Amino acid sequence: EVKFLRAIAISKAGTDDRAVSSMLMLNYARAVRDLGRLPEAAGLAERAYEKAQAAKQQVVVNQALILRGSIYRDSKDLSRSAQMFSEVEPLLRKALPAGHMAFASIALERAMNAQAGGDLAAARALVDQAKSIIEPSIQAGRQGKDFMPTLLVRSSRLALLEARPAQAVEESQRAIALLKASFPSLRYSSSLGRAYLASGLALKAQGKTDEAKRDFAQASQHLEFALGANHPEARAAKSH
39 EVKFLRAIAI
49 SKAGTDDRAV
59 SSMLMLNYAR
69 AVRDLGRLPE
79 AAGLAERAYE
89 KAQAAKQQVV
99 VNQALILRGS
109 IYRDSKDLSR
119 SAQMFSEVEP
129 LLRKALPAGH
139 MAFASIALER
149 AMNAQAGGDL
159 AAARALVDQA
169 KSIIEPSIQA
179 GRQGKDFMPT
189 LLVRSSRLAL
199 LEARPAQAVE
209 ESQRAIALLK
219 ASFPSLRYSS
229 SLGRAYLASG
239 LALKAQGKTD
249 EAKRDFAQAS
259 QHLEFALGAN
269 HPEARAAKSH
């Protein structure tokens, strides 16, 4: 957040944000969303969308719609969230080839909406759809390697709701391994913290208390450092 604010300050002409690029504003909105400041993140993402539309920057428009959809879902506005994904998907299909990882991302976002609405069967079908897109892409040497841990953590949390703790453990621990392999020198990470939290919850559901406590401790360290001690996910990790 600090680095994005510095970049925005450099870009500004006085107090006017017209000189700030839409992509910079959108990336700042992502950081603010991850920090849990949802109303502020929504305003930033909406402003980035407006700027990108005015400048005919379609890539930023598409990314802003996806981000707005995720923010609205986290804000409990599932209807508005679904509207964003319905708007962006035809734009992506017009611009991108079949099998592009963007379609896995949309499938996962829709899965999370279905899960938030209580439809676990639909959520699982959409998670499996995302996997069917991303796995061949990775195997072919294309995009998706960085996205896979996020997909696995989401699938793990869903498996826990489906009363399938063994799958939840396998997927969360695979996410941990992938993140460690991809970023061996990274000291703290919100992504790694979320993976450890998912693993801890799954191990706890299996009755593996000591192993769960180990992963909750790891999750707490990563999430407190990356997101702050008062972040809901950091508090959740610490409460276990």
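Here the numbering used here is used: position 53 in the sequence shown is 91, and no number is missing along the way.
Every residue, glycine too, gets a C-beta built ideally from N, C-alpha and C.
What you are looking at is a predicted structure, and each value in this text was computed from that prediction instead of being measured.
query = Between Lys251 and Leu189, what straight-line distance do the alpha-carbon atoms span, to the nearest angstrom?
reply = The alpha-carbon atoms of Lys251 and Leu189 are separated by roughly 23 Å.
ask   = What does a CB cutoff of less than 8 Å around Leu164 pick up in its chain, not counting 5 residues either side in sequence?
value = Excluding positions up to five away in sequence, the list reads Ala145, Leu146, Arg148, Ala149 and Ala152.
query = Helix, strand or coil: which one does DSSP assign to Asp184?
reply = Coil.
inquiry  = Can you list, in chain order, the residues of its chain with a C-beta nearer than 8 Å to that of Val70? Leave out the 5 residues immediately preceding and following it.
reply    = Only Glu39, Glu78, Ala79 and Leu82 meet the Cβ criterion.
key: Span of the alpha helix (DSSP H), counted from its first residue to its last, around Val165   = Per DSSP, the continuous alpha helix (DSSP H) segment holding Val165 begins and ends at Leu158 to Gln177.
query = Distance, Cα to Cα, Val191 vs Ala90?
reply = Approximately 31 Å, taken between the alpha carbons.
query = Which first and last residues belong to the alpha helix (DSSP H) in which Lys94 is found?
reply = Counting along the chain, Lys94 falls outside any alpha helix (DSSP H), and DSSP gives it neither H nor E.
Pro203, enclosing alpha helix (DSSP H) - first and last residue = Where Pro203 is concerned, the enclosing alpha helix (DSSP H) stretches over Pro203 to Ser220.
inquiry  = Out of Val97, Ser194, Ser228 and Val98, which one is the CA nearest neighbour of Val207?
reply    = Among Val97, Ser194, Ser228 and Val98, the Cα nearest to that of Val207 is on Ser194.
message = For Gln256, count the other beta carbons within 10 Å of its own beta carbon; 16 or more makes it buried, fewer makes it exposed. Which is it?
response = So Gln256 ends up on the buried side.
query = How should Pro222 be labelled, buried or exposed, when 16 other C-beta atoms within 10 angstroms of its C-beta is the threshold for buried?
reply = Result: exposed.
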